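Beneath this line is the structure, given in structure tokens, with notes to follow.
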Amino acid sequence: EWNHEHYVSFGEGEGRNWEDAREYGFISAGGGDWYTASLRMLQPEDRVWVAIPGKGFVGVGEVTTAVVAANEFAVQTPSGEKLLTDVTIHAPLMLDEQRQEHVVGIRWLHSRPATQAIWERGFFANQNSVARPRVASWQFTVSRLKQQFGVK
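FYI, our numbering numbers position 113 of the sequence shown as 107, with every residue one higher than the one before it.
Set out below in structure tokens:
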């Protein structure tokens, strides 16, 4: 049975940076429909648990927007709302149209730097950008992360 908690794999690289996602409130995927299609599962108010492959879990948040192309995503700044294309980010390649990066807005309940990622033996992991796990290891993972992140 699914617990209504989504798993997100946030692969970092030239075209995607976790600190950008934390600062501007989003998750993203790119490289074609196989990677981005699962982002369409997410709806406003859904909860996501974000893991960086090879490091561990770095955040939990609630979806605020449906998926859009990265160059159409609006972010809040001290001087008001701007497009992601109009702010300084660590991974500007995510805005390259050839990458086909797509973004979903997130209100972070808790996030931490990648250097402080949480990983324990028995945690769930998956290669999909977004998943709705129905396995015991996912129940265990969410239970432990709620304790670690102080989320009810």
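By construction, the Cβ of each residue, glycine as well, lies at the ideal position given by its N, Cα and C atoms. Predicted model, so just to flag it, every value in this text is computed and none were measured.
If you draw a straight line from the Cα of ALA63 to the Cα of GLY144, it comes to about 32 Å. Assignment of alpha helix (DSSP H) within the region 18 to 97, counting only whole runs of 4 or more residues, yields 27 to 30 in chain order. Here the alpha carbon of GLU6 sits roughly 30 Å from the alpha carbon of GLU(-5). The region 112 to 132 makes contact with the region -1 to 13; the number of CB pairs closer than 8 Å reaches 3 or more. Residue pairing from DSSP places ALA125 in a beta bridge opposite TYR1.
DSSP, read as helix, strand or coil, puts ARG115 in coil.
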